[in-house]
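Listed in order, the protein sequences are those of chains Y and F.
Mapping the first sequence onto my numbering, position 295 (from 1) lands on 289, and the numbers just tick up by one.
Mapping the second sequence onto my numbering, position 224 (from 1) lands on 218, and the numbers just tick up by one.
For glycine and all other residues, C-beta sits at the position ideal for the given N, C-alpha and C.
Number of protein chains: 2
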Amino acid sequence: MKSKRLNRVTIKDIAHEAGVSYSTVSRVLNHYEHVRPDKRQRVWSAVTRLGYVANPQARSLAGGRSHMVGLLVPELGNAYIGQVVRGIDEALAEAQYELMLYTTHRQRTKESTFVRTLTYGMTDGLLLLVPTEPQAYLETLHEERFPYVVIDHQGFDDFSPTVIAKNYQAAFDATRYLIELGHRRIGFIRGLKHLSSAIERHKGYRAALEAHGLEYDPSLVVDGEFLQGPSYAATQALLDRPDPPTAIFASNDLSAFGAMDAVRVRGLSIPDDISILGFDDIPQAASVRPALTTVRQPLVEMGRIAVQLLFTYIEDPDRPCERIELDTALVIRDSCAPPAR
Amino acid sequence: MKSKRLNRVTIKDIAHEAGVSYSTVSRVLNHYEHVRPDKRQRVWSAVTRLGYVANPQARSLAGGRSHMVGLLVPELGNAYIGQVVRGIDEALAEAQYELMLYTTHRQRTKESTFVRTLTYGMTDGLLLLVPTEPQAYLETLHEERFPYVVIDHQGFDDFSPTVIAKNYQAAFDATRYLIELGHRRIGFIRGLKHLSSAIERHKGYRAALEAHGLEYDPSLVVDGEFLQGPSYAATQALLDRPDPPTAIFASNDLSAFGAMDAVRVRGLSIPDDISILGFDDIPQAASVRPALTTVRQPLVEMGRIAVQLLFTYIEDPDRPCERIELDTALVIRDSCAPPAR
DNA sequence: TGCGATCTTGAAAGCGTTTGCAATCCACTG
DNA sequence: CAGTGGATTGCAAACGCTTTCAAGATCGCA
């Protein structure tokens, strides 16, 4: 019944091996400063010699850090998310932290229970990736001074630390690029309407048009939900117009793929007949044909930075709210060209 | 420094509230049988009234279950993996288990340390998704009777519990489908050579050809590494032949996408000029144009079943090794048709 | 050389649970 | 009605580690 416990090396074994008390070992392990150098040395060597690995459970039970952070994601299996998680994962591994994963559909279980489980010493902090309705628990977390960082979403409050890309500027630049290529009718495939990233991109698109003396035409804007299927259908609608756009700016790469399909299904060519521009620069964007011109978000880096930011809050939960905005870059490949004529 | 502990509800509070000893509460919580019904009742009601949530750390420290399982994946952000994880996640949530995520690149850190961390009471069991080189630690795990289940890979030993699809049969059927459509020259894009799933699919392809009196031509087999980019290049090579295949069977959907790109870049049409058949049926397969005809693996279910199987081993680590093979289904969409002429 | 101040360090008290052990019940048996 | 044995239940001892407390060491400076 009870799984046999492996003969684990404990802090006491180290203490014995190094000839110090186990409290001293603990202090060394936790980088406590007042320990004589020679003992510190002896402890570390005993640690490596015996191959000691701390027991996170005991650690956090005793009131220390658990060395785990929770990550809340809406889903998995999405390249965009995969990239961000990669960054998170790397940064965590470097700091010897473990990752507890939660997918959003779990939230349907009592949310209070969820937050409680997480904050009850199970994790030292929480990472929220494009949360959908975080208001409910974010306020609680903030009041409890429980460390957390929101990734790629913002604007619902003014106390949540955030890491996000400069969506507005990125969309503005991308749209300008299309305009400078000579396009005058540029379609826009919008993302999930409640996400700030989608909203900002839309704003950037619109602002760029207007800044260049082009009229913003709402009928050129369709909804793609950040998904390939819906974007395919939405693009069809765009192409059905008597005056179809000569370029389409999609809110993410997946949407761009949907648009590409729709264009090709009509026998039109990319970029000769229609230009397509994406957003995110997921790995697939480079291997698709024609290779997708897109806005590169530093996805992996966003993950890494979020972790680093989280650590600062774990270190000092009272630090003031910090928000980090990352630069993007336009990656020019083969899916955009000057309009035909 | 030390994060303030929230005023957590403990087992003792429940005991007090229900008027029983805390050991009894523990027994109720763990579904121990010899507890009088009325007390059991009182305990449960106290639990819900106070909103008690067990502390996993303390639980596993005390030698019980940690209610966490570890999941080892090669990467994230891959739809195939996303689906499997979804199943795992659902099944775990139902059983009130938590998920600890490890991505393979972490394995580069001392592997012994990795296995130790995991088995030292941190998790109750381990799920290995398409592990790349598991031999090293699998034997240790098995000897320690540490519960684990391997998903979608097998053949490296005869003691590892496994959940996998019937790759051979699936590939056989898919190939036969193409043959029955009238194709005689069928290209094959092979997956990662060291994965049993890739090997089985290749065998199935070959067997189907030979079963229908078609010669197996090695030059029609190219490597796609289960990736879109390499498959694109590989398909180019196939199409460069004086007698290009009239159909291409890709080892997974991503490879199929690469093949589709290659075909289209030549101005050829799918499925009129060339048929493409995939494997996996990731969500994208349905939203791509033309919609991809592919072999559906019950990905989500594989995840669920793996969890269930793992639970049986957590229950009884000495159970004999069990292997579950899941059926697949051919999903016919729009990317395959009889050969031209 | 002496005294307070600052370092170091070990002992011990938990952290929230599980579980072995032993005592207490309780229903029957004869 | 005493005796028997299983069903219940409480106590206390871990589990491995952090942290407080106080005592012993050491150091600086007069």
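- Using a 10 angstroms sphere on the CB of residue 153 of chain Y, the tally of other CB atoms stays under 16, which defines it as exposed.
- Counting the other CB atoms within 10 Å of its CB gives residue 335 of chain F a total below 16, which places it among the exposed residues.
- Within the region 258 to 303 of chain Y, the runs of beta strand (DSSP E) at least 3 residues long that lie entirely inside it are, in chain order, 269 to 274, 287 to 290.
- For a Cβ distance threshold of 8 Å, residue set 71, 73, 76 of chain F lies close to residue 72 of chain Y, ordered along the chain.
- For residue 322 of chain Y and residue 151 of chain Y, the gap between their C-alpha atoms comes out near 24 Å.
- With the criterion set as a beta carbon lying under 9 Å from some beta carbon of chain Y, the members of the region 266 to 285 of chain F are 276, 277, 278, 280, 281, 282, 283, 284, in sequence order.
- DSSP lists F/217 as the beta-bridge partner residues of residue 184 of chain F.
- When the beta-carbon positions are compared, residue 255 of chain F and residue 283 of chain Y come within less than 8 Å of each other.
- For the 8 Å CB-CB criterion, residue 84 of chain F and residue 298 of chain F form a contact.
- Collapsing the DSSP output to three states places residue 27 of chain Y in coil.
- Within chain F, the C-beta atoms nearer than 8 Å to that of residue 114 of chain Y come from 0, 2, 47, 49, in chain order.
- For residue 244 of chain F, the CB contacts under 6 Å within the same chain, skipping 5 residues up- and downstream, are 183, 250, 253, 272 in chain order.
- By the criterion of a C-beta distance shorter than 6 Å, residue 196 of chain F is surrounded in its chain by 184, once the five residues flanking it on both sides are discounted.
- For residue 241 of chain Y, the enclosing beta strand (DSSP E) starts and ends at 241 to 244.
- Taking 4 residues as the minimum length, the alpha helix (DSSP H) runs contained wholly in the region 16 to 93 of chain F are 16 to 23, 31 to 44, 50 to 55, 73 to 88, in order along the chain.
- Residue 311 of chain F has its alpha-carbon roughly 49 Å from the corresponding atom of residue 225 of chain Y.
- Residues 175, 176, 177, 178, 240, 241, 269 of the same chain have their beta carbon placed closer than 8 Å to that of residue 333 of chain Y, with the five preceding and five following residues left out of the count.
- Around the beta carbon of residue 315 of chain Y, a 10 Å sphere encloses fewer than 16 other beta carbons of the protein chains shown; the residue is thus reported as exposed.
- The beta carbon of residue 6 of chain Y is closer than 6 Å to those of 16 in its chain, skipping five residues each way along the sequence.
- Under the Cβ criterion of 8 Å, residue 52 of chain F is counted among the residues facing chain Y.
- The beta-carbon of residue 94 of chain F is placed less than 8 Å from the nearest beta-carbon of chain Y.
- The beta carbon of residue 252 of chain F sits closer than 8 Å to some beta carbon of chain Y.
- Collapsing the DSSP output to three states places residue 319 of chain Y in a strand.
- Spanning the alpha carbons of residue 4 of chain Y and residue 120 of chain Y requires a straight line of approximately 29 Å.
- Residues of chain Y whose Cβ lies closer than 8 Å to the Cβ of residue 152 of chain F do not exist, since the nearest Cβ in that chain is about 23 Å away.
- Taking CB atoms only, residue 55 of chain F has a neighbour in chain Y less than 8 Å away.
- Ranked by how close their Cα comes to the Cα of residue 59 of chain F, the residues F/158, F/117, F/216 have F/117 in first place.
- Note on geometry: alpha-carbon atoms of residue 115 of chain F and residue 92 of chain Y lie some 14 Å from one another.
- Boundaries of the beta strand (DSSP E) around residue 119 of chain Y: 119 to 123.
- Looking only at Y/63, Y/68, Y/98, the smallest Cα-Cα distance to residue 82 of chain Y is reached by Y/63.
- At a Cβ-Cβ threshold of 8 Å, residue 68 of chain F and residue 42 of chain F do not count as neighbours.
- The C-beta distance from residue 65 of chain Y to residue 155 of chain Y rounds to 15 Å, too long to fall under 8 Å, and the pair is not in contact.
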